[in-house]
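Novice: So that we are looking at the same thing, I have put the structure below in structure tokens.
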């Protein structure tokens with residue numbers, strides 16, 4: 001079956017702009033988590049959605065937000081982009097939030 | 113504070129030279145430990161789940177083991193295609209669900 005799909009794969013944005021990233025989970029998976037990966041901080045948890053509800057949130061500013069649709073697809077939005085937001089954004093899906101999640105290929109965001 | 117530490121940060125091996133990667137954790141009530149492999153520019157690929165001390169899992173040249181304080185990823189007779197970053201992660205309960213806390217990763221280079 002198809003894996004986790006993230007779009008777009010690459011993005012270049014200017015400081016102050018906003019961006020929306022998309023994640024389609026594995027069919028049947030209802031939990032979607034988002035992570036930010038940078039060389040200095042490694043993988044850091046952003047938030048988790050299950051059945052259209054945010055169940056868990058990491059220590060990121062309110063500029064980072066997300067949502068989940070009834071078909072379990074999820075989007076994350078970053079407003080007022082800063083240079084430090086440049087990172088690989090990863091989405092992971094699982095059946096119901098249990099661990100051993102499966103990751104997508106990520107979206108590489110570059111803020112200039 | 114729940115922490116996951118991986119060592120060494122980077123490792124260079126010759127093809128066929130076996131070694132071990134370490135992942136230590138300070139988590140109360142461990143509910144599992146996960147190993148992932150990540151190739152440059154791609155999302156982490158799920159390798160193993162370990163749930164209890166003494167448990168071992170194997171896949172090709174990789175074997176993961178778990179104690180009460182750490183996990184080891186043993187690489188036997190590695191090949192150049194084993195070159196990648198290896199990540200370990202533990203699930204932390206938060207907000208009614210779980211999030212994964214990752215180590216910073218260990219970059220393995222296997223030279224032919």
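Residue numbers (the working numbering), protein chains in the order written: chain V, 1 to 112; chain E, 113 to 224.
Cβ coordinates follow ideal geometry from the N, Cα and C atoms, glycine included.
Quick caveat: nothing in here was measured; it's all calculated off a predicted structure.
1) Would you kindly work out how many angstroms separate the C-alpha atoms of residue 111 (chain E) and residue 104 (chain V), rounded to a whole number?
2) Thinking residue 213 (chain E) and residue 142 (chain E) are a contact (beta carbons under 8 Å), I'd like their distance in whole angstroms, please.
3) How long is the line joining the alpha carbons of residue 190 (chain E) and residue 135 (chain E), rounded to whole angstroms?
4) Where does the unbroken beta strand (DSSP E) through residue 171 (chain E) begin, and where does it stop?
5) Does the region 4-22 of chain V come into contact with the region 163-183 of chain E, if we say contact requires no fewer than three beta-carbon pairs (one atom in each stretch) closer than 8 Å?
6) Kindly indicate which three-state DSSP category residue 25 (chain V) falls into: helix, strand or coil?
7) Identify whether residue 157 (chain E) lies in helix, strand or coil by the three-state DSSP scheme.
8) What residue range is occupied by the uninterrupted beta strand (DSSP E) comprising residue 223 (chain E)?
9) Answer with buried or exposed for residue 176 (chain E), where buried requires no fewer than 16 other C-beta atoms within 10 angstroms of its C-beta.
10) Determine the chain E residues that contact residue 69 (chain V) at a beta-carbon separation under 7 Å, and present them in chain order.
11) Grab the span of the beta strand (DSSP E) containing residue 131 (chain E) for me, first residue to last.
12) Smallest Cα separation from residue 219 (chain E): which of E:145, E:211 and E:149?
13) Would you mind sorting residue 38 (chain V) into buried or exposed? The rule is 16 or more other CB atoms within 10 Å of its CB.
14) Going by beta-carbon coordinates alone, are residue 186 (chain E) and residue 132 (chain E) separated by less than 8 Å?
15) Run through DSSP, which three-state label would residue 182 (chain E) get?
16) So if DSSP puts residue 75 (chain V) in a beta bridge, which residue, or which two residues, is it bridged to?
17) Considering only C-alpha positions, which residue in the set E:140, E:216, E:206 and E:224 is nearest to residue 195 (chain E)?
18) Once you ignore the five residues that flank residue 122 (chain V) on each side, which residues in its own chain have a CB closer than 6 Å to its CB?
Specialist: A quick look at the data gives this:
1) Because chain E is modelled from 113 through 224, residue 111 (chain E) falls outside the range shown and cannot be assessed.
2) On the second chain, residue 213 (chain E) is found 101 positions in, with the first residue counted as 1. On the second chain, residue 142 (chain E) is found 30 positions in, with the first residue counted as 1. About 11 Å; that fails the 8 Å criterion.
3) Mapped onto the second chain, residue 190 (chain E) falls at position 78. Mapped onto the second chain, residue 135 (chain E) falls at position 23. Cα-Cα distance, rounded: 19 Å.
4) Mapped onto the second chain, residue 171 (chain E) falls at position 59. Annotation: the continuous beta strand (DSSP E) that includes residue 171 (chain E) extends over 168-171.
5) Touching, no, given that fewer than three Cβ pairs across the two stretches are closer than 8 Å.
6) Numbered from 1 along the first chain, position 25 holds the residue referred to as residue 25 (chain V). It is coil, neither helix nor strand.
7) Mapped onto the second chain, residue 157 (chain E) falls at position 45. Residue 157 (chain E) sits in a strand when the DSSP states are folded into three classes.
8) Within the second chain, residue 223 (chain E) is the residue found at index 111, counting from 1. Note, residue 223 (chain E): beta strand (DSSP E), 218-223.
9) If you number the second chain from 1, residue 176 (chain E) lands on position 64. The residue is buried, with at least 16 neighbouring Cβ atoms inside 10 Å.
10) Against the first chain, residue 69 (chain V) aligns to sequence position 69. Under the 7 Å cutoff, chain E gives no residues; its nearest Cβ is about 19 Å from residue 69 (chain V).
11) Taking the first residue of the second chain as 1, we reach residue 131 (chain E) at position 19. Note, residue 131 (chain E): beta strand (DSSP E), 131-138.
12) Mapped onto the second chain, residue 219 (chain E) falls at position 107. Nearest in C-alpha terms to residue 219 (chain E), of all of E:145, E:211 and E:149, is E:149.
13) Residue numbering aside, residue 38 (chain V) sits at position 38 when the first chain is read from its first letter. Exposed, since its Cβ has fewer than 16 Cβ neighbours within 10 Å.
14) Residue mapping note: residue 186 (chain E) aligns to position 74 of the second chain, counting from 1. Residue mapping note: residue 132 (chain E) aligns to position 20 of the second chain, counting from 1. Yes, the Cβ-Cβ distance between residue 186 (chain E) and residue 132 (chain E) is below 8 Å.
15) Numbered from its first residue, the second chain carries residue 182 (chain E) at position 70. In the three-state reduction of the DSSP assignment, residue 182 (chain E) falls in the strand class, which pools E and B.
16) Locating residue 75 (chain V) in the first chain gives position 75, where the first residue counts as 1. DSSP output for residue 75 (chain V) lists V:22 and V:67 as bridge partner(s).
17) Translated into positions along the second chain, residue 195 (chain E) becomes position 83. Selected option, being the one with the closest Cα: E:224.
18) Not covered by the structure: residue 122 (chain V). The range shown for chain V is 1 to 112.
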